[in-house]
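Enquirer: Residues in the sequence shown are numbered consecutively from 2, following our numbering.
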Amino acid sequence: MTIKSDRWIRKMALEHGMIEPFEPGQVRLDGDRKLISYGTSSYGYDVRCADEFKVFTNIYSAVVDPKAFDDRSFVDIQNDVCIIPPNSFALARTIEYFRIPEDVLTVCLGKSTYARCGIIVNVTPLEPEWEGHVTLEFSNTTNLPAKIYANEGVAQMLFFQSDERCEVTYKDRGGKYLGQRGVTLPKA
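1) Does the Cβ of Gly154 have 16 or more other Cβ atoms within 10 Å, making it buried, or fewer, making it exposed?
2) Taking His17 as the reference, which of Phe99, Thr185, Pro146 and Ser43 has the closest Cα?
3) May I ask you to report which of helix, strand or coil DSSP gives Ile101?
4) Hey, His134 and Thr95: beta-carbon distance below 8 Å or not?
5) At which residue ranges does the region 74–147 contain complete alpha helix (DSSP H) runs of 4 or more residues, listed in the order of the chain?
6) First and last residue of the alpha helix (DSSP H) that includes Ala14?
7) Report back the beta-carbon spacing between Phe90 and Asn141 to the nearest angstrom; my notes put them in contact at under 8 Å.
8) Compute the Euclidean distance between the alpha carbons of Leu127 and Glu165, then round it to the nearest angstrom.
9) With respect to the beta strand (DSSP E) encompassing Thr157, which residues constitute its N-terminal and C-terminal limits?
10) Going by Cα to Cα distance, which pick from Gln181, Tyr46, Pro22 and Val184 is closest to Cys109?
11) With three or more C-beta pairs closer than 8 Å as the rule, is the region 28–45 touching the region 55–73?
12) The beta strand (DSSP E) that contains Arg49, what's its start and end?
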């Protein structure tokens with residue numbers, strides 16, 4: 002398995018629709034306003050989150066159960082920023098829609114800008130032939146409210162290409178998160 006470079010990422014995005022919308026360079030400014038960078042980097046792609054958030058709440062004292070998830074555990078927010086309460090978490094989704102090739106494994110990692118503030122992005126794999134918006138999980142590990150910015154960089158995708166196709170891809174087995182759009186809650 003080899004990690005793929007910026008040239009490979011550009012080719013796969015532009016010729017095969019692997020990432021849409023796609024930014025071929027790294028964006029750090031919007032006019033005079035500084036942004037948390039997004040777009041193609043040396044060996045990865047920095048994704049942005051959309052302005053749709055689900056922030057964890059305990060208003061209803063629901064039990065968090067991945068087999069029977071109660072969507073009342075979250076409050077929906079649509080805004081350019083999301084405030085995550087202390088020691089809590091939020092879900093968001095990427096602006097980018099991904100189509101992962103059959104011989105590629107993609108790993109989502111947090112950006113150091115957020116990690117240095119105690120905001121952790123869960124490490125998530127995107128398996129061969131998975132496609133959709135990536136649901137991102139942000140944990141605020143601090144005892145202070147934390148801010149996430151929509152339309153700016155929040156995580157980095159790394160692409161690892163195998164020298165052979167796996168026996169069963171995510172699409173082959175009919176994975177339950179295939180083709181997801183929007184912020185997707187756990188499915189049993």
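Glycine included, each C-beta is placed from N, C-alpha and C at the ideal position.
Expert: Working from what's here:
1) For the purposes of this step, residue 154 is taken as the residue at position 153 of the sequence shown. Gly154 is buried by the Cβ-count criterion.
2) Position 16 of the sequence shown holds residue 17. Checking every option, the nearest Cα to that of His17 belongs to Phe99.
3) For the purposes of this step, residue 101 is identified with residue 100 of the sequence shown, where counting begins at 1. Three-state result, Ile101: coil.
4) Along the sequence shown, read from residue 1 onward, the residue named residue 134 stands at position 133. Along the sequence shown, read from residue 1 onward, the residue named residue 95 stands at position 94. Going by C-beta atoms, His134 is nearer than 8 Å to Thr95.
5) Secondary structure remark: continuous alpha helix (DSSP H) runs of at least 4 residues inside the region 74–147, in chain order: 113–116.
6) On the sequence shown, residue 14 is found 13 positions in, with the first residue counted as 1. Per DSSP, Ala14 belongs to the alpha helix (DSSP H) from Asp7 to His17.
7) Taking the sequence shown and counting its residues from 1, one reaches residue 90 at position 89. Taking the sequence shown and counting its residues from 1, one reaches residue 141 at position 140. That belief holds up - the Cβ atoms of Phe90 and Asn141 are roughly 7 Å apart, short of 8 Å.
8) The residue labelled residue 127 in the question sits at position 126 within the sequence shown. The residue labelled residue 165 in the question sits at position 164 within the sequence shown. The alpha-carbon atoms of Leu127 and Glu165 are separated by roughly 17 Å.
9) Numbered from its first residue, the sequence shown carries residue 157 at position 156. Note on identity: in this sequence residue 157 is Gln, with Thr being the wrong assignment. It spans Gly154 to Gln162 - the beta strand (DSSP E) in which Gln157 sits, taken as one unbroken run.
10) Position 108 of the sequence shown, counting from 1, holds the residue named residue 109. Nearest option by C-alpha distance: Tyr46.
11) no
12) As a first step, residue 49 must be located in the sequence shown, where it is residue number 48. It spans Gly45 to Arg49 - the beta strand (DSSP E) in which Arg49 sits, taken as one unbroken run.
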